[in-house]
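First up is the structure itself, then whatever we jot down about it.
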Amino acid sequence: MRKAVFMKNMADILYPRRCALCDGILKKYEIYVCKNCSSDIGFIKGRTCAKCGAVLKSRFDMLCADCLNARQLFDEAFAPFAYDGKIRKSIVRFKYYGRAEYAAFYAACIYRFGSERIKSWAAEAVIPVPVHRSRLAKRGYNQSYLIAKELSVITGIPVRNDVVKRKKRTEAQKELTASARRINLMSAFSIVKNRDIPESVIIADDIFTTGSTVNAMAYILRSAGVKRIYVVCVSTS
Numbered sequence: 002m003r004k005a006v007f008m009k010n011m012a013d014i015l016y017p018r019r020c021a022l023c024d025g026i027l028k029k030y031e032i033y034v035c036k037n038c039s040s041d042i043g044f045i046k047g048r049t050c051a052k053c054g055a056v057l058k059s060r061f062d063m064l065c066a067d068c069l070n071a072r073q074l075f076d077e078a079f080a081p082f083a084y085d086g087k088i089r090k091s092i093v094r095f096k097y098y099g100r101a102e103y104a105a106f107y108a109a110c111i112y113r114f115g116s117e118r119i120k121s122w123a124a125e126a127v128i129p130v131p132v133h134r135s136r137l138a139k140r141g142y143n144q145s146y147l148i149a150k151e152l153s154v155i156t157g158i159p160v161r162n163d164v165v166k167r168k169k170r171t172e173a174q175k176e177l178t179a180s181a182r183r184i185n186l187m188s189a190f191s192i193v194k195n196r197d198i199p200e201s202v203i204i205a206d207d208i209f210t211t212g213s214t215v216n217a218m219a220y221i222l223r224s225a226g227v228k229r230i231y232v233v234c235v236s237t238s
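Throughout the sequence shown, residue numbering follows my numbering, covering 2 to 238 in sequence.
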């Protein structure tokens with residue numbers, strides 16, 4: 002017992018927990034975010050797109066411009082945060098600077114924001130957006146898998162990391178136009194052979210921009226027999 006406590010204290014000293022919003026060192030009583038940042042957890046408010054969850058510009062709209070102009074292959078999506086301010090900086094650190102521990106905060110916010118929807122979906126699996134093996138080797142982890150794993154802990158919905166694989170390395174999506182994103186992702190994913198395919202799934206990712214990535218995944222999942230496809234992300238832009 003004493004050894005376990007000692008090892009934990011040493012781990013806290015060598016690898017202190019970080020605030021998911023400002024990256025400051027957390028105190029023992031602080032969970033996920035520091036006291037100063039707790040008031041900055043600003044979920045999306047107001048009317049959102051009935052399809053993808055983006056903030057609507059007009060109170061008379063039901064769908065955003067992207068969902069009006071392009072066919073979305075998933076059934077419904079949402080994200081608790083807009084991709085700006087502290088959340089944008091947080092996700093950059095999470096993806097590129099080794100802050101894997103932020104995933105627990107993101108999953109908790111996703112569930113707190115959309116628990117009723119997640120329950121109503123009755124999904125059989127959470128499927129993370131896979132990354133190419135070369136990018137996984139460079140980064141050390143798949144950020145979408147970490148979010149999916151933490152969401153699984155909260156919801157009890159199993160993570161299925163063995164259904165979809167990324168067979169082609171693609172250019173970074175953030176630098177591309179909407180049409181270029183779609184072209185970039187053509188044939189990027191495939192279904193892993195000899196796997197049981199659930200009928201209802203949740204795709205987990207970090208950022209929803211135009212939906213190109215999740216649509217590419219939804220396409221092959223539909224082709225494999227998945228009937229209901231939902232999407233959760235940390236943020237939407």
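Even glycine gets a Cβ: it sits at the ideal position worked out from N, Cα and C.
Would DSSP call residue i helix, strand or coil?
i: residue 4; result: For residue 4, the predicted model reports a pLDDT of 41, less than 50, meaning its position is unreliable and no value from the coordinates is stated.
i: residue 56; result: strand
i: residue 21; result: coil
i: residue 49; result: strand
i: residue 67; result: helix
i: residue 77; result: strand
i: residue 232; result: strand
i: residue 41; result: helix
i: residue 165; result: strand
i: residue 93; result: helix
i: residue 114; result: helix
i: residue 62; result: coil
i: residue 210; result: coil
i: residue 221; result: helix
i: residue 145; result: helix
i: residue 204; result: strand
i: residue 32; result: coil
i: residue 127; result: strand
Can you tell me the Cα-Cα spacing of residue i and residue j, whole angstroms?
i: residue 18; j: residue 188; result: 39 Å
i: residue 42; j: residue 166; result: 33 Å
i: residue 63; j: residue 48; result: 8 Å
i: residue 33; j: residue 72; result: 37 Å
i: residue 131; j: residue 161; result: 11 Å
i: residue 27; j: residue 104; result: 16 Å
i: residue 7; j: residue 16; result: Residue confidence for residue 7 is low, a pLDDT of 35 falling below 50, so the modelled location carries little weight; the figure read from the coordinates is stated next. Whole-angstrom Cα-Cα distance: 14 Å.
i: residue 221; j: residue 99; result: 30 Å
i: residue 44; j: residue 55; result: 12 Å
i: residue 13; j: residue 23; result: Legend: pLDDT at residue 13 = 49, less than 50; position of this residue unreliable, value from coordinates given subsequently. Taking the straight line from one Cα to the other gives about 18 Å.
i: residue 90; j: residue 74; result: 29 Å
i: residue 215; j: residue 238; result: 14 Å
i: residue 219; j: residue 70; result: 18 Å
For my contact list, residue i and residue j are in at a C-beta cut-off of 8 Å; report their separation, rounded to the angstrom.
i: residue 232; j: residue 208; result: The Cβ separation is near 11 Å, so there is no contact.
i: residue 101; j: residue 142; result: 5 Å
i: residue 50; j: residue 57; result: 6 Å
i: residue 235; j: residue 80; result: 6 Å
i: residue 107; j: residue 155; result: Between residue 155 and residue 107 the Cβ distance is about 11 Å, and since that is not below 8 Å, they are no contact.
i: residue 158; j: residue 127; result: 5 Å
Between residue i and chain D, is the shortest Cβ-Cβ distance under 8 Å, so that the two count as touching?
i: residue 46; result: Note that chain D does not occur in the displayed structure, where there is just one protein chain.
Sorry if obvious, but does the Cβ on residue i come closer than 7 Å to a heavy atom of the ligand ZN?
i: residue 60; result: Of ligands this structure carries none, so the ligand ZN is not represented either.
Exercise. Tell me, please, whether the region 83-101 touches the region 184-203 by the rule of three or more beta-carbon pairs shorter than 8 Å.
Key: Taking a cut-off of 8 Å on C-beta distances, the region 83-101 does not touch the region 184-203, as fewer than three cross pairs fall below it.
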